[in-house]
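Counting from 7, one number per residue, gives the positions in the sequence shown under the numbering used here. For every residue, glycine included, the Cβ atom is placed at its ideal position computed from N, Cα and C. All figures in this text were calculated on a predicted structure; none of them were measured in a lab. Reading through the C-alpha cells given below for one structure.
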Amino acid sequence: MSTHPDPSSLPPAPPGAAHATPNVPPVPALKPPAHMAALVRDWPTYFARVEGEPPRQTLLDACAAFGATAGLAADLGAGDGRDTQAMLERGWRVIAFEPHPEGRSRLAARPLCQAALRDGRLELRSDDFDAMRLPALDLVNASFSLPFCPPRLWAGVWARVRASIRPGGRFAGQLFGDRDSWSTLEDRVHLTRAEVLDCFADFVLEHLREEDRPSKYEGEGHKHWHVFHLVARKR
Ligand SMILES: C[S@@+](CC[C@H](N)C(=O)[O-])C[C@H]1O[C@@H](n2cnc3c(N)ncnc32)[C@H](O)[C@@H]1O
C-alpha cells in the first residue's frame, strides 16, 4: 500500500510500470504487518497498526490537482480518518463513510474532525458501499477500500461512484489487480488492467501507478502486491 509501512519503503515504480520487481531482500516481520489484518478484515487491528500514518499519496495528489479550489468530497471506507482529516485541513467539506464503529470512533476523535462535525463541514455515515447514496461530488476518495466491496455488488457500486463525480471532479484511490495474492479470495474485487482502464473510460487518468511486486516480508506476512494507484479527472 502506498503509505503503508511495507510498500512505502520502496522507490515509486515509473508511471504505468508493470511487473516491477525491486531488488529488496525479504525481511522477517517484527510484528504482523497491517495487511495481515486486512487479509482477514480484522479492522480494529488494522486501525491500530496504521495509527499515526500520514494521508495517502493519491489523496494528496488529487487535492493538489485542484489547486486552491476545495469543494464537496466523499471518503469511502474512510477507516480511522487519515485522509478525511487531510481533506478538512485543505478546506474541503467531507462526507466520510465508514461502516466499522472502531473506525468511526477513531475518526471522530481527531480534533479537527470533532470540530468539523460540530460546524457541519464533516458528516460521518455508517453506510457500507451497498447502502451509501452519493450526492454530486467534486472528489471521491477511496483509499484501499473499494477492493473490499463484495464482488456481486461491484458493478452497481462503481456505477454509482462514477455517476456521483461531477465533470471536472476527481477520483483518488486504489484498486487491486488480478495478479495480487488475494485475487483467489472470493470476497473482494480484483481487476485486470483492462478492466481498470474500462472503469475510467470517461476520465482522464492523471496518475496511474501499477504496483506488481512481492512484498518485503518473508513467512506469513509475505504476499504479492498488484495494486493500481489512481488519480483520475472526470471529463
Ligand atoms: C484497508 S482499510 C482502508 C482504510 C482507509 N481508507 C485507509 O486508507 O487507511 C479498508 C476500509 O474499508 C472498509 N470497508 C470494508 N468493507 C466495506 C464495505 N463493504 N463497505 C464500505 N466500507 C468497507 C473497512 O471498514 C476499512 O475501513
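Kindly examine ligand 1 and report whether one of its heavy atoms sits closer than 7 angstroms to the Cβ of Cys-69. As a working mapping, residue 69 is identified with position 63 in the sequence shown. Cys-69: no, Cβ never under 7 angstroms from ligand 1.
My assumption, with CB atoms under 8 angstroms, is that Asp-86 sits in contact with Pro-61. Please give the rounded CB distance. Looking up residue 86 in the sequence shown gives position 80. Looking up residue 61 in the sequence shown gives position 55. Contact flag wrong, Cβ pair sits at about 11 angstroms.
Any contact of the segment 163 to 179 with the segment 105 to 114, i.e. 3+ C-beta pairs under 8 angstroms? no
Taking Arg-124 as the reference, give the member of Ala-114, His-235 and Asp-133 with the closest Cα. Here residue 124 refers to the residue found at position 118 of the sequence shown. The candidate whose alpha carbon is nearest that of Arg-124 is Ala-114.
Contact check, Gly-183 vs His-196 under 8 angstroms by CB: the rounded distance? By one-based count along the sequence shown, residue 183 stands at place 177. By one-based count along the sequence shown, residue 196 stands at place 190. Rounded, the Cβ-Cβ distance is 6 angstroms, consistent with contact.
Under the three-state DSSP convention, the category Val-237 falls into: Looking up residue 237 in the sequence shown gives position 231. DSSP places Val-237 in strand when its eight states are reduced to three.
Check whether His-228 and Arg-185 have beta carbons under 8 angstroms apart: Residue numbering aside, residue 228 sits at position 222 when the sequence shown is read from its first letter. Residue numbering aside, residue 185 sits at position 179 when the sequence shown is read from its first letter. No, the pair does not count as a contact, with Cβ atoms beyond the cut-off.
Within the present structure, is the beta-carbon of Val-56 separated from the nearest heavy atom of ligand 1 by less than 7 angstroms? Translated into positions along the sequence shown, residue 56 becomes position 50. For ligand 1, at least one heavy atom lies less than 7 angstroms from the Cβ of Val-56.
Go ahead and pull the three-state DSSP assignment for Ser-8. Along the sequence shown, read from residue 1 onward, the residue named residue 8 stands at position 2. Summary for Ser-8: the model assigns pLDDT 37, below 50, so the residue's position carries little reliability; its value from the coordinates is reported in the next sentence. The answer is coil: DSSP assigns Ser-8 none of H, G, I, E or B.
Three-state class that DSSP yields for Arg-62 in the structure shown: Along the sequence shown, read from residue 1 onward, the residue named residue 62 stands at position 56. DSSP places Arg-62 in coil when its eight states are reduced to three.
Please name the residue, chosen from His-235, Ala-79 and Tyr-223, that lies closest to Leu-38 on a Cα-to-Cα basis. One-based indexing of the sequence shown puts residue 38 at position 32. The displayed chain sequence assigns Pro, not Leu, to residue 38. Taking only the C-alpha atoms, the option nearest Pro-38 is Tyr-223.
Report the rounded CA-to-CA distance for Phe-234 versus Ala-43, giving the unit in angstroms. In the sequence shown, residue 234 corresponds to position 228, counting from 1. In the sequence shown, residue 43 corresponds to position 37, counting from 1. In a straight line, the C-alpha of Phe-234 is about 20 angstroms away from that of Ala-43.
Measure the Cβ-Cβ separation of Leu-130 and Arg-116 and say whether it is below 8 angstroms. In the sequence shown, residue 130 corresponds to position 124, counting from 1. In the sequence shown, residue 116 corresponds to position 110, counting from 1. Result no, Cβ atoms of Leu-130 and Arg-116 do not sit closer than 8 angstroms.
Using 7 angstroms as the cut-off, classify the Cβ of Arg-158 as near or not near the heavy atoms of ligand 1, replying yes or no. Reading the sequence shown from its first residue, position 152 is the one you call residue 158. Answer for Arg-158: no, Cβ out of range of ligand 1.
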